[in-house]
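Asker: This is the structure, below, for whatever I ask next.
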Amino acid sequence: MSLNEILSKTKASAKKLAISGAEERKNILNNIALLLNERRQEIINVNKIDIDNADKSGLSSAMIDRLRLTNKEIDGMIKAVNEISMQNEVIGDVIGGSTRPNGLKIRKVRVPLGVVGIIYESRPNVTIDSAALCIKSGNGAVLRGGKEAINSNKILAEIIAKSLEIAGFSKDVIYFIDDTDRNIIKEMAQAKGLIDVIIPRGGEGLINFVVENARIPVIMHDKGVCHVFIDESAEYQQALSITFNAKVQRPSACNAMETLLVHKNIAPSILPDIAEMLQEVDVDLRGCEETLKYVDCRPAIEEDYYTEYHDMILSIKVVENIDEAVAHINKYGSGHSEAIVTKDYNNSEKFLNEVDAAAVYVNASTRFTDGGEFGLGAEIGISTQKLHVRGPMGAADLTTTKYLIYGSGQLRG
Numbered sequence: 001m002s003l004n005e006i007l008s009k010t011k012a013s014a015k016k017l018a019i020s021g022a023e024e025r026k027n028i029l030n031n032i033a034l035l036l037n038e039r040r041q042e043i044i045n046v047n048k049i050d051i052d053n054a055d056k057s058g059l060s061s062a063m064i065d066r067l068r069l070t071n072k073e074i075d076g077m078i079k080a081v082n083e084i085s086m087q088n089e090v091i092g093d094v095i096g097g098s099t100r101p102n103g104l105k106i107r108k109v110r111v112p113l114g115v116v117g118i119i120y121e122s123r124p125n126v127t128i129d130s131a132a133l134c135i136k137s138g139n140g141a142v143l144r145g146g147k148e149a150i151n152s153n154k155i156l157a158e159i160i161a162k163s164l165e166i167a168g169f170s171k172d173v174i175y176f177i178d179d180t181d182r183n184i185i186k187e188m189a190q191a192k193g194l195i196d197v198i199i200p201r202g203g204e205g206l207i208n209f210v211v212e213n214a215r216i217p218v219i220m221h222d223k224g225v226c227h228v229f230i231d232e233s234a235e236y237q238q239a240l241s242i243t244f245n246a247k248v249q250r251p252s253a254c255n256a257m258e259t260l261l262v263h264k265n266i267a268p269s270i271l272p273d274i275a276e277m278l279q280e281v282d283v284d285l286r287g288c289e290e291t292l293k294y295v296d297c298r299p300a301i302e303e304d305y306y307t308e309y310h311d312m313i314l315s316i317k318v319v320e321n322i323d324e325a326v327a328h329i330n331k332y333g334s335g336h337s338e339a340i341v342t343k344d345y346n347n348s349e350k351f352l353n354e355v356d357a358a359a360v361y362v363n364a365s366t367r368f369t370d371g372g373e374f375g376l377g378a379e380i381g382i383s384t385q386k387l388h389v390r391g392p393m394g395a396a397d398l399t400t401t402k403y404l405i406y407g408s409g410q411l412r413g
């Protein structure tokens, strides 16, 4: 079957889902959660095949970490599906309205986008998260995962298809493409009229390829070059713990810190302690000229400040003041997640207002930028662009709007 035939079937099937009731869609999600639990050992066994293949092919430890499915990850998927299922209905949600002087009653409501194309790498849980969010929001979906997770994705796609059929829907509503040919990505990006929006999740190469070839709207889940800025008024222990968590808790994640900025007035006292703390867990530090006065590490080069390491590597820069910190972030950051550690209210407000990113934190780790942590159940991606949404995307972000107008015979003069 050609890709166009597949997409046509998904487009037609999605129309039934779009007009379905909330309880019908909830049944699909409940089925997914039940089958994930029933087939968990099978999922783990199949995932081990992908892990073994990744290890043999020399995939990095960070990428293998993203690929792994244990009972913990399966429990996480079940939890996400259940949370999404229990959320308020988004289809038909009234987000505005008015009665005009001529008596026209206008309502603005949420409606599904249609068919969402999702291209992703490594993380097989994205298969479940994406399907659950699309089902909740009444959208069809075409999923294309990476070859490194092909076996894991196949069994998860089987669970989704079975859950749809049990609930009385066509399995084509959520279609997983198991062909790992890169040409499929280009075809999806150019499927105007069959896919309504495409979301690439993965490395820079994948995202750039989709953006350059797309003939349909793209929502980018771009790289995460995230910063923590330790202001001169920062509470000392809080600065240490936030720094450690943002870098070490899961360095492969897109919301992990890649560059630490430190105010020059606190640098002499805090940088040696930060270096000792991080080097004890084998973080490779790369510092600016000023940093090297206090820390024994390799010198940072310009390229380091643009780099998303996905690894136990950290760039450090000492800055003159908050203005330099904000300027550095806005130049080198990717618009993902940025944090300031400070006790100065004016500086916290300045940071919140002037840093250009999807998520900006005061006295908290960047690692919280996540659909689950934000109460969305899961996310379809973390959008780093400005249209039509920004940040972790939940079910409501997979909708567009429609105006419903009630009249009583009004004519325009």
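Residue numbering for the sequence shown is 1 to 413, as defined by UniProt numbering. Every residue, glycine too, gets a C-beta built ideally from N, C-alpha and C.
1. Is residue 369 helix, strand or coil by DSSP?
2. List the residues that DSSP assigns as beta-bridge partners of residue 106.
3. Is the number of C-beta pairs between the region 128-142 and the region 99-116 that are closer than 8 Å three or more?
4. Counting Cβ pairs closer than 8 Å, one from the region 326-343 and one from the region 226-245, do we hit at least three?
5. Kindly indicate which three-state DSSP category residue 117 falls into: helix, strand or coil?
6. Taking residue 25 as part of the alpha helix (DSSP H), name the residues at either end of that continuous run.
7. Sorted by chain position, which residues of the same chain lie with C-beta nearer than 6 Å to residue 263's C-beta, five sequence neighbours on each side aside?
8. Helix, strand or coil, according to DSSP, for residue 217 in the structure here?
9. Mapping DSSP to helix, strand and coil, what is residue 332?
10. Determine, using beta-carbon pairs with one atom in the region 80-97 and one in the region 365-378, whether at least three such pairs fall under 8 Å.
11. What are the start and end residues of each continuous alpha helix (DSSP H) run of 4 or more residues lying completely inside the region 222-260, in chain order?
12. Applying the 10 Å Cβ sphere with the 16-neighbour rule, what's the burial state of residue 352?
13. Which of the three DSSP states is assigned to residue 400 in this structure?
14. Secondary structure at residue 59, three-state DSSP: helix, strand or coil?
15. Could you tell me whether the region 147-164 touches the region 41-61, where touching means 3 or more Cβ pairs closer than 8 Å?
16. Could you give the residue range of the beta strand (DSSP E) that holds residue 344?
17. Taking 7 Å as the limit between beta carbons, can you name the residues of its chain near residue 78, skipping five residues before and five after?
18. So if DSSP puts residue 200 in a beta bridge, which residue, or which two residues, is it bridged to?
19. If I'm right that residue 127 touches residue 157 with Cβ under 8 Å, what's the distance once you round it to whole angstroms?
20. Whose C-beta lies closer than 8 Å to the C-beta of residue 162 among residues of the same chain, with five residues either side of it excluded?
21. How many Å lie between residue 334 and residue 392 at the Cα?
22. State the DSSP-derived secondary structure class of residue 284, mapped to helix, strand or coil.
23. May I ask you to report which of helix, strand or coil DSSP gives residue 141?
24. If distances are taken between C-alpha atoms only, which option among 346, 331, 257 and 357 comes closest to residue 311?
25. Tell me the rounded alpha-carbon separation between residue 168 and residue 24.
26. Comparing C-alpha positions only, which one of 306, 286 and 308 sits nearest to residue 318?
27. Who pairs with residue 319 in a beta bridge, going by DSSP?
28. Can you tell me whether DSSP reads residue 390 as helix, strand or coil?
29. Going by CA-CA distance only, name the one from 20, 345 and 95 that's closest to residue 363.
30. Leaving out five residues on either side along the sequence, give the residues of the same chain with a beta carbon under 7 Å from the beta carbon of residue 404.
31. Can you say whether residue 342 is buried or exposed, counting buried as having 16 or more other CB atoms within 10 angstroms of its CB?
32. Per DSSP, what kind of secondary structure is residue 124 in: helix, strand or coil?
33. Can you tell which of 68, 302 and 62 has its C-alpha closest to the C-alpha of residue 48?
34. Could you tell me the alpha carbon to alpha carbon distance between residue 175 and residue 195, rounded to whole angstroms?
35. Would you please state the rounded distance, in angstroms, between the beta carbons of residue 201 and residue 381? I believe it to be under 8 Å.
36. Indicate whether the contact test is met: 3 or more Cβ pairs, each with one atom in the region 238-254 and one in the region 394-410, closer than 8 Å.
Answerer: Taking the definition as stated:
1. Mapped onto the sequence shown, residue 369 falls at position 369. Correct three-state label for residue 369: coil.
2. Along the sequence shown, one-based indexing puts residue 106 at 106. Partner(s): 98 and 405.
3. yes
4. yes
5. Here residue 117 refers to the residue found at position 117 of the sequence shown. Correct three-state label for residue 117: strand.
6. The residue given as residue 25 occupies position 25 in the sequence shown. Unbroken alpha helix (DSSP H) run through residue 25: 22-38.
7. Within the sequence shown, the letter at position 263 stands for residue 263. Answer for residue 263: 231 and 232, listed in chain order.
8. If you number the sequence shown from 1, residue 217 lands on position 217. Coil.
9. Indexing the sequence shown from 1 puts residue 332 at position 332. Reduced to three states, the DSSP call for residue 332 is helix.
10. yes
11. 236-248
12. Locating residue 352 in the sequence shown gives position 352, counting from the first residue. By the neighbour-count rule (16 or more Cβ atoms within 10 Å), residue 352 is not buried but exposed.
13. As a first step, residue 400 must be located in the sequence shown, where it is residue number 400. The answer is strand: DSSP assigns residue 400 an E or B state.
14. Start at 1 with the first residue of the sequence shown, and residue 59 comes out as number 59. Here residue 59 sits in coil by DSSP.
15. yes
16. The sequence position of residue 344 within the sequence shown is 344, counting from 1. Note, residue 344: premise wrong, no beta strand (DSSP E); not H, not E.
17. Start at 1 with the first residue of the sequence shown, and residue 78 comes out as number 78. Cβ within range, chain order: 33, 36 and 37.
18. For the purposes of this step, residue 200 is taken as the residue at position 200 of the sequence shown. Residue 200 is bridged to 119.
19. The residue you call residue 127 lines up with position 127 of the sequence shown. The residue you call residue 157 lines up with position 157 of the sequence shown. Going by Cβ atoms, the distance from residue 127 to residue 157 rounds to 6 Å, so yes, they are a contact pair.
20. Residue mapping note: residue 162 aligns to position 162 of the sequence shown, counting from 1. Cβ neighbours of residue 162 beyond the five flanking positions: 31, 35 and 171.
21. Against the sequence shown, residue 334 aligns to sequence position 334. Against the sequence shown, residue 392 aligns to sequence position 392. For residue 334 and residue 392, the distance between alpha carbons rounds to 15 Å.
22. In the sequence shown, residue 284 corresponds to position 284, counting from 1. Strand, per DSSP.
23. The residue you call residue 141 lines up with position 141 of the sequence shown. It is a strand residue.
24. Taking the sequence shown and counting its residues from 1, the one referred to as residue 311 is at position 311. Considering only alpha carbons, the answer is 257.
25. The residue given as residue 168 occupies position 168 in the sequence shown. The residue given as residue 24 occupies position 24 in the sequence shown. Those two C-alpha atoms are separated by around 9 Å.
26. Your numbering for residue 318 matches position 318 in the sequence shown. It is 286 whose Cα lies nearest to the Cα of residue 318.
27. Position 319 of the sequence shown holds residue 319. According to DSSP, which records beta bridges pairwise, residue 319 is partnered with 263.
28. Locating residue 390 in the sequence shown gives position 390, where the first residue counts as 1. Coil at residue 390, not helix or strand.
29. Against the sequence shown, residue 363 aligns to sequence position 363. The shortest Cα separation from residue 363 among 20, 345 and 95 belongs to 345.
30. In the sequence shown, residue 404 corresponds to position 404, counting from 1. So the list reads 107 and 109, once near-sequence residues are dropped.
31. Position 342 of the sequence shown, counted from the start, is the residue given in the question as residue 342. By the 10 Å Cβ count, residue 342 comes out buried.
32. To locate residue 124, count along the sequence shown from 1; it is residue 124. Coil at residue 124, not helix or strand.
33. Indexing the sequence shown from 1 puts residue 48 at position 48. Selected option, being the one with the closest Cα: 68.
34. As a position in the sequence shown, residue 175 is number 175, starting the count at 1. As a position in the sequence shown, residue 195 is number 195, starting the count at 1. For residue 175 and residue 195, the distance between alpha carbons rounds to 12 Å.
35. Translated into the one-based positions of the sequence shown, residue 201 becomes position 201. Translated into the one-based positions of the sequence shown, residue 381 becomes position 381. Indeed they touch by this definition, with Cβ atoms about 5 Å apart.
36. no
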